[in-house]
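A.B. asks: Sequential numbering of the sequence shown, starting at 109, is according to our numbering. C-beta atoms are modelled at their ideal positions from N, C-alpha and C, and glycine is treated no differently.
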Amino acid sequence: FGIQDYDPIVQKAIHRVQSFEQVKKVNDLSRKIGYESISHDLIFGLPFQTEESIRNTIKNTIALKPDRIAYYSYAHVPWIKGVGQRGFDENDLPKDNEKRYLYELGKQLFFDNGYVEIGMDHFALPSDSLHKAMENKKLHRNFMGYTAGKTELMIGLGMSSISDSWYAFAQNEKTIEDYTEKVNQGIIPVFRGHLLTSEDLIIRKHILNIMCNLETEWKIGLDIKTKHEIVKRLDTIINDGLIEVSDNKIVVKEEGRMFVRNICMAFDLRLIENKPDTRIFSMTI
Numbered sequence: 109f110g111i112q113d114y115d116p117i118v119q120k121a122i123h124r125v126q127s128f129e130q131v132k133k134v135n136d137l138s139r140k141i142g143y144e145s146i147s148h149d150l151i152f153g154l155p156f157q158t159e160e161s162i163r164n165t166i167k168n169t170i171a172l173k174p175d176r177i178a179y180y181s182y183a184h185v186p187w188i189k190g191v192g193q194r195g196f197d198e199n200d201l202p203k204d205n206e207k208r209y210l211y212e213l214g215k216q217l218f219f220d221n222g223y224v225e226i227g228m229d230h231f232a233l234p235s236d237s238l239h240k241a242m243e244n245k246k247l248h249r250n251f252m253g254y255t256a257g258k259t260e261l262m263i264g265l266g267m268s269s270i271s272d273s274w275y276a277f278a279q280n281e282k283t284i285e286d287y288t289e290k291v292n293q294g295i296i297p298v299f300r301g302h303l304l305t306s307e308d309l310i311i312r313k314h315i316l317n318i319m320c321n322l323e324t325e326w327k328i329g330l331d332i333k334t335k336h337e338i339v340k341r342l343d344t345i346i347n348d349g350l351i352e353v354s355d356n357k358i359v360v361k362e363e364g365r366m367f368v369r370n371i372c373m374a375f376d377l378r379l380i381e382n383k384p385d386t387r388i389f390s391m392t393i
């Protein structure tokens with residue numbers, strides 16, 4: 109369930125008005141008809157969000173005892189059409205230190221209520237299949253987040269959705285007009301895609317290893333030159349004691365969990381090629 113936040117002021121600003129009672133009704137119905145795992149998505153860093161509002165949102169969430177909780181960082185991209193972010197501006201958002209505090213607060217509240225951290229952004233009860241997959245190193249991540257099943261195929265349905273066949277990505281038309289026009293004509297509504305090279309597949313493996321297992325072994329397809337380039341890009345993160353790098357592998361330390369995205373960026377050769385001046389240690393929270 110895409111809850112995001114229960115505070116009425118925040119909900120009005122982000123155009124997602126839904127009461128706790130409405131969510132509880134659907135949540136309870138889901139249990140009744142047999143869903144074995146229920147996940148709630150929350151977001152920190154939203155406009156007008158405060159410590160009090162985030163505490164109340166998490167309190168309500170815990171009351172429904174979802175098996176999984178995703179705790180995502182809000183990304184402010186008002187220039188992208190259709191995201192509903194034009195009703196407020198950056199001055200309405202929690203400042204950097206405040207946003208970091210909301211993340212740490214939420215994380216601790218989840219721990220206090222029996223949830224275990226899964227990779228990045230996600231938390232689960234020990235009884236959930238996601239936690240068991242992590243324990244057995246069978247965790248997988250796709251565009252939708254973490255999954256307990258390692259499938260190589262994900263089909264995106266609807267406007268702007270992305271499909272992943274493991275060896276290729278394809279994205280559907282991003283406007284409802286273009287999407288429906290193609291569907292009505294019997295045309296698959298894809299407007300762009302990418303065929304993964306052998307190098308892409310190797311890099312993908314490393315990134316998934318780090319995101320799912322918080323470590324990866326250098327021997328997986330990387331030559332010495334590429335390895336040295338990656339380590340060089342990770343220099344600041346290494347010096348800050350967030351990861352351990354040896355001749356055999358790279359391991360993310362507990363202190364480095366919240367910087368997993370930054371670490372993965374160092375492996376993203378496409379990002380480096382297209383934006384060579386990208387700062388690996390820039391803020392992603």
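1. Which residue comes first and which comes last in the beta strand (DSSP E) that contains Glu144?
2. Are the beta-carbon atoms of Tyr287 and Met267 separated by less than 8 Å?
3. Of all the beta strand (DSSP E) runs that stay within the bounds of the region 240-298, which reach a length of 3 or more residues?
4. Using 8 Å as the threshold, is the C-beta distance between Val368 and Val360 below it?
5. So, Tyr179 versus Phe231, is the Cβ gap smaller than 8 Å?
6. Looking only at DSSP bridge pairs, what is Ile310 linked to?
7. On the DSSP bridge list, what partners appear for Glu409?
8. Which word fits Thr165, buried or exposed, when buried means at least 16 other C-beta atoms lie within 10 angstroms of its C-beta?
9. Does Val368 have its Cβ less than 8 Å from a Cβ in chain E?
10. Going by DSSP in three states, Ile328 sits in which element: helix, strand or coil?
11. From the DSSP output, in three-state form, read off Ser181 for me.
12. Which whole-angstrom value describes the C-beta separation of Gly131 and Phe109, a residue pair presumed to lie in contact below a C-beta threshold of 8 Å?
13. Assuming Gln279 and Arg312 are in contact, meaning their beta carbons sit under 8 Å apart, how far apart are those beta carbons, in whole angstroms?
14. Pick out whichever of Tyr209, His248, Ser127 has its Cα sitting closest to the Cα of Asn317.
15. For Val298, which option in Ser306, Leu304, Glu289 has the closest C-alpha, if you only look at C-alpha atoms?
16. Taking the straight line between their C-alpha atoms, what separation do you get for Tyr254 and Leu238?
17. By Cβ distance below 8 Å, which residues in the same chain neighbour Ser269 in space, the five residues on each side in sequence not counted?
18. Tell me, to the nearest whole angstrom, how far the beta carbon of Ile146 is from that of Leu210; I am working on the premise that it is less than 8 Å.
C.D. replies: Answer, in terms of the structure:
1. Segment: none, Glu144 is in no beta strand (DSSP E) and carries neither H nor E.
2. yes
3. 248-250, 253-255, 270-272, 276-280
4. yes
5. yes
6. Answer by DSSP bridge pairing: none, since Ile310 is not bridged.
7. Look at the range of the chain in this structure, 109 to 393, and you will see that residue 409 is not part of it.
8. buried
9. The structure shown has no chain E; it contains just one protein chain.
10. coil
11. strand
12. According to the sequence provided, residue 131 is Val. The question's Gly does not apply to it. Between Phe109 and Val131 the Cβ distance is about 6 Å, and since that is below 8 Å, they are a contact.
13. Contact flag wrong, Cβ pair sits at about 17 Å.
14. His248
15. Glu289
16. 8 Å
17. Gln279, Asn280
18. The Cβ separation is near 23 Å, so there is no contact.
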